[in-house]
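Novice: When you line the sequence shown up against numbering that gives the first Met the number 0, it's residues 0 to 338, in that order. Idealized CB from N, CA, C, for every residue including glycine. Below: one structure in structure tokens.
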Amino acid sequence: MTTAETHSDRAWVDLGDADSGRTFHGIETRSFYLPMRDGVELAIDLWLPKDRSADDRLPAILHMTRYMRSVELRGPLRRLFLNRPFDHTMLYLRCRRRFLRRGYAWLDIDVRGSGASFGEWMAPWGPFEVRDGADIVDWVIAQPWSNGKVGATGISYDGSSAEMLAINRHPAVKAVVPRFASFEPYTDVAYPGGVFHERFIRTWHHGNDALDRNAPHEVAGQAVRLVITGVSPVDDDRDRSRRAAAVAGHANNCDVVGFTTALPFRDSVIERHPFYQVPNWASQLPGHPHEIEPTHAMISAHNYATDIDASGTAVYAYSGWFDGGYPHAAIKRFMTLKS
0 MTTAETHSDR AWVDLGDADS GRTFHGIETR SFYLPMRDGV ELAIDLWLPK DRSADDRLPA
60 ILHMTRYMRS VELRGPLRRL FLNRPFDHTM LYLRCRRRFL RRGYAWLDID VRGSGASFGE
120 WMAPWGPFEV RDGADIVDWV IAQPWSNGKV GATGISYDGS SAEMLAINRH PAVKAVVPRF
180 ASFEPYTDVA YPGGVFHERF IRTWHHGNDA LDRNAPHEVA GQAVRLVITG VSPVDDDRDR
240 SRRAAAVAGH ANNCDVVGFT TALPFRDSVI ERHPFYQVPN WASQLPGHPH EIEPTHAMIS
300 AHNYATDIDA SGTAVYAYSG WFDGGYPHAA IKRFMTLKS
């Protein structure tokens, strides 16, 4: 190939060349609870371009997180940021802004049993959490501003949440972009090479436990208390009582250390798990219910490759070369999925 025929090797995360067409200005936000089919309410921050017209129909991007969708700043800081949801991770600021400018809606969602959402977090990417994604999509496409098309993206846990959305086979889900995310948690994260990754799992459990108690200062340091109150309440939760009730409901969330050590092998099954307390729980879930048991496969996108392919959802994934097991995950995903 001659020099004239070569292409730019700018970082593949640079989407500058994709910018084209109409540009929207301004941001409109609101936060609210959305009930799922079983009555559990999830906390959502909705972002929309402010200068859209009544005739505009927008696609939507879902960002489903286990790490607080946004945090509430204390008085003066909250006013400084116009009382908008504050992205404490700083990971999605540019991405969200780009999509809004190009005429997309954006939703930040606390998955069930986390943040300000109600319910119990029974397992990472548990089946009920996955099913919630379909309910959220149903709500999105019913909105007057929606064009009926939905995508999802995220990094790490949130990236896997985006990918697992596809196993619902919802026709409105057109694309998912899992970034730096596992494809098979057993080998990518929990037991690389078959060896228990104890330090990471225990550290992750400690962080999850702190967030579930609305105590991010235990992870980020005591100084955090000076600037935030914790996870953002929804707009109509003026006295923060609903946030407090949701957080109280997280007390029995999954013990990740116990969950992982109870599954030392890829095909290990947990004989006693909260899922078994739900009558006919498997029949309510996406994918292949007869194959769903509390195992590593239950929370593995790899196990649902057939469903992802059958969904018709496009999958775009990438990872860093030195990001733990995620490079391997990206390669396995490329070698496995047809979409």
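Could you have a look at His-289 and say whether DSSP puts it in helix, strand or coil?
Specialist: Here the question's residue 289 lines up with position 290 in the sequence shown. The predicted position of His-289 is uncertain, since its pLDDT is 46 and thus under 50; a value taken from the coordinates is nonetheless stated next. In the structure shown, His-289 sits in a helix (DSSP, three-state: H, G or I).
Novice: With DSSP collapsed to three states, give me the class of Asn-207.
Specialist: For the purposes of this step, residue 207 is taken as the residue at position 208 of the sequence shown. Residue state, collapsed to three classes: helix.
Novice: Buried or exposed: which applies to Gly-229, given that a residue is buried once 16 or more other Cβ atoms fall within 10 Å of its Cβ?
Specialist: On the sequence shown, position 230 is the one that residue 229 refers to. Answer is buried; the Cβ neighbour count reaches 16.
Novice: Just the Cα atoms here: how many angstroms apart are Ala-300 and Trp-138?
Specialist: By one-based count along the sequence shown, residue 300 stands at place 301. By one-based count along the sequence shown, residue 138 stands at place 139. The straight-line gap from Cα to Cα measures roughly 24 Å.
Novice: Identify every residue that forms a DSSP beta bridge with Met-63.
Specialist: Here the question's residue 63 lines up with position 64 in the sequence shown. DSSP, once it has assigned bridges, lists Ile-108 as partnering Met-63.
Novice: Where does Pro-177 land, buried or exposed, given buried means 16+ other C-beta within 10 angstroms?
Specialist: Residue mapping note: residue 177 aligns to position 178 of the sequence shown, counting from 1. Classification for Pro-177: buried.
Novice: Considering Asp-157, what are the terminal residues of the alpha helix (DSSP H) in which it resides?
Specialist: Taking the first residue of the sequence shown as 1, we reach residue 157 at position 158. Element bounds for Asp-157: 156 to 164.
Novice: Would you kindly report the start and end of the unbroken beta strand (DSSP E) that includes Phe-31?
Specialist: Counting from 1 along the sequence shown, the entry for residue 31 is found at position 32. It spans 26 to 34 - the beta strand (DSSP E) in which Phe-31 sits, taken as one unbroken run.
Novice: Looking at the secondary structure, which residues open and close the beta strand (DSSP E) in which Ala-174 lies?
Specialist: Numbered from 1 along the sequence shown, position 175 holds the residue referred to as residue 174. From DSSP, the beta strand (DSSP E) with Ala-174 extends over 172 to 178.
Novice: If you compare alpha carbons, which of Tyr-103, Glu-128, Phe-98 is closest to Gly-112?
Specialist: Locating residue 112 in the sequence shown gives position 113, where the first residue counts as 1. Out of Tyr-103, Glu-128, Phe-98, Glu-128 has the C-alpha closest to the C-alpha of Gly-112.
Novice: For chain C, is any of its Cβ atoms less than 8 Å away from the one on Gly-323?
Specialist: The question asks about chain C, but that chain is absent: this structure has only one protein chain.
Novice: Drop a sphere of 10 angstroms on the beta-carbon of Ile-166, count the other beta-carbons inside from all chains shown, and report buried for 16 or more, exposed for fewer.
Specialist: Along the sequence shown, one-based indexing puts residue 166 at 167. With 16 or more Cβ atoms within 10 Å of its Cβ, Ile-166 is classed as buried.
Novice: Considering only C-alpha positions, which residue in the set Thr-305, Arg-237, Leu-61, Gly-206 is nearest to Tyr-103?
Specialist: Numbered from 1 along the sequence shown, position 104 holds the residue referred to as residue 103. When only C-alpha atoms are compared, the closest one is Leu-61.
Novice: When DSSP labels each residue in this structure, what does Asn-251 get in the three-state scheme?
Specialist: Within the sequence shown, numbered from 1, the residue matching residue 251 stands at position 252. Correct three-state label for Asn-251: coil.
Novice: In angstroms, rounded to a whole number, what distance separates the CA positions of Thr-202 and Arg-21?
Specialist: Counting from one through the sequence shown, the residue named residue 202 turns up at place 203. Counting from one through the sequence shown, the residue named residue 21 turns up at place 22. Distance between the alpha carbons of Thr-202 and Arg-21 is about 45 Å.
Novice: Which residues share a DSSP beta bridge with Ile-43?
Specialist: As a working note, residue 43 is residue 44 in the sequence shown. Looking at the DSSP assignment, Ile-43 forms a beta bridge with Phe-31, Ile-108.
Novice: Hey, how far is the Cα of Ala-161 from the Cα of Lys-148?
Specialist: Counted from its first residue, the sequence shown places residue 161 at position 162. Counted from its first residue, the sequence shown places residue 148 at position 149. Those two C-alpha atoms are separated by around 15 Å.
Novice: Curious, which full-length beta strand (DSSP E) runs of at least 3 residues does the region 198 to 243 contain?
Specialist: DSSP runs (the beta strand (DSSP E)) wholly in the region 198 to 243: 227 to 230.
Novice: Mind checking Leu-76: buried by the 16 CB within 10 Å criterion, or exposed?
Specialist: Locating residue 76 in the sequence shown gives position 77, counting from the first residue. Exposed, by the Cβ-count rule.
Novice: Return the residue from the list Gly-257, Ile-200, Asn-251, Phe-182 that minimises the CA-CA distance to Gly-324.
Specialist: Here residue 324 is taken as the residue at index 325 of the sequence shown, counted from 1. It is Phe-182.
Novice: In whole angstroms, give me the CA-to-CA distance for Pro-263 and Phe-195.
Specialist: Position 264 of the sequence shown, counting from 1, holds the residue named residue 263. Position 196 of the sequence shown, counting from 1, holds the residue named residue 195. Their backbone Cα atoms lie some 8 Å apart in a straight line.
Novice: Below 8 Å, how does it come out for the region 320 to 336 and the region 304 to 311: are there three or more Cβ pairs, yes or no?
Specialist: Yes, the region 320 to 336 touches the region 304 to 311.
Novice: DSSP three-state call for Ala-189: helix, strand or coil?
Specialist: Counted from its first residue, the sequence shown places residue 189 at position 190. If DSSP states are grouped into helix, strand and coil, Ala-189 belongs with the helices.
Novice: Whose C-beta lies closer than 8 Å to the C-beta of Leu-90 among residues of the same chain, with five residues either side of it excluded?
Specialist: Taking the first residue of the sequence shown as position 1, residue 90 is located at position 91. Excluding residues within five positions, the ones whose Cβ falls inside 8 Å are Ile-154.
Novice: Can you grab the Cα-Cα spacing for the pair Phe-31 / Asn-207, in whole Å?
Specialist: The residue given as residue 31 occupies position 32 in the sequence shown. The residue given as residue 207 occupies position 208 in the sequence shown. Distance between the alpha carbons of Phe-31 and Asn-207: 23 Å.
Novice: Alpha carbon to alpha carbon, how far is Phe-98 from Trp-105? Give it in angstroms, no decimals.
Specialist: Translated into the one-based positions of the sequence shown, residue 105 becomes position 106. Translated into the one-based positions of the sequence shown, residue 98 becomes position 99. Rounded to whole angstroms, Trp-105 to Phe-98 spans 8 Å at the Cα level.
Novice: Using the DSSP secondary-structure output, state which residues sit across from Ala-313 in a beta bridge.
Specialist: As a working mapping, residue 313 is identified with position 314 in the sequence shown. DSSP lists Ala-174 as partners of Ala-313.
Novice: Where does Pro-34 land, buried or exposed, given buried means 16+ other C-beta within 10 angstroms?
Specialist: In the sequence shown, the residue the question calls residue 34 occupies position 35. Flag for Pro-34 reads exposed.
Novice: Which value, in whole angstroms, describes the spacing of the CA atoms of Glu-217 and Arg-96?
Specialist: The residue you call residue 217 lines up with position 218 of the sequence shown. The residue you call residue 96 lines up with position 97 of the sequence shown. If you take the alpha carbons of Glu-217 and Arg-96, they lie about 30 Å apart.
Novice: Sorted by chain position, which residues of the same chain lie with C-beta nearer than 8 Å to Asp-8's C-beta, five sequence neighbours on each side aside?
Specialist: Taking the sequence shown and counting its residues from 1, the one referred to as residue 8 is at position 9. Reliability of the predicted coordinates at Asp-8 is poor, the pLDDT of 48 falling under 50, and the value obtained from them is presented with this limitation in mind. Closer than 8 Å at Cβ, skipping near neighbours: no residue.
Novice: For Ala-209, which residues of its own chain have a beta-carbon under 6 Å away from its beta-carbon, when the five flanking residues on both sides are left out?
Specialist: Reading the sequence shown from its first residue, position 210 is the one you call residue 209. Closer than 6 Å at the Cβ level, and outside the excluded window around Ala-209, lie Glu-217, Val-218.
Novice: Using CA coordinates, which residue listed in Leu-41, Met-121, Arg-68, Met-63 is at the minimum distance from Gly-257?
Specialist: Within the sequence shown, numbered from 1, the residue matching residue 257 stands at position 258. Measuring from the Cα of Gly-257, the nearest candidate turns out to be Met-121.
Novice: Between the alpha carbons of Gln-221 and Phe-85, how many angstroms are there, rounded?
Specialist: As a position in the sequence shown, residue 221 is number 222, starting the count at 1. As a position in the sequence shown, residue 85 is number 86, starting the count at 1. Each residue's alpha carbon lies about 19 Å from the other.
Novice: In chain order, what residues of the same chain have a beta carbon less than 6 Å from the beta carbon of Ala-133, not counting five sequence neighbours either side?
Specialist: Here residue 133 refers to the residue found at position 134 when the sequence shown is read from its first residue. Counting only Cβ-Cβ distances below 6 Å, and skipping sequence neighbours, we find Asn-167, His-169.
Novice: Between the Cα of Ala-243 and those of Trp-320, Gly-118, Gly-192, Ala-328, spot the shortest distance and give me the residue it belongs to.
Specialist: Position 244 of the sequence shown, counted from the start, is the residue given in the question as residue 243. Comparing Cα-Cα distances from Ala-243 to each of Trp-320, Gly-118, Gly-192, Ala-328, the minimum goes to Gly-118.
Novice: Quick check on this structure: which residue in Leu-72, Ser-318, Arg-93, Val-136 has the alpha carbon closest to the alpha carbon of Val-226?
Specialist: Along the sequence shown, read from residue 1 onward, the residue named residue 226 stands at position 227. Looking at the Cα atoms, Leu-72 is the closest of the given residues.
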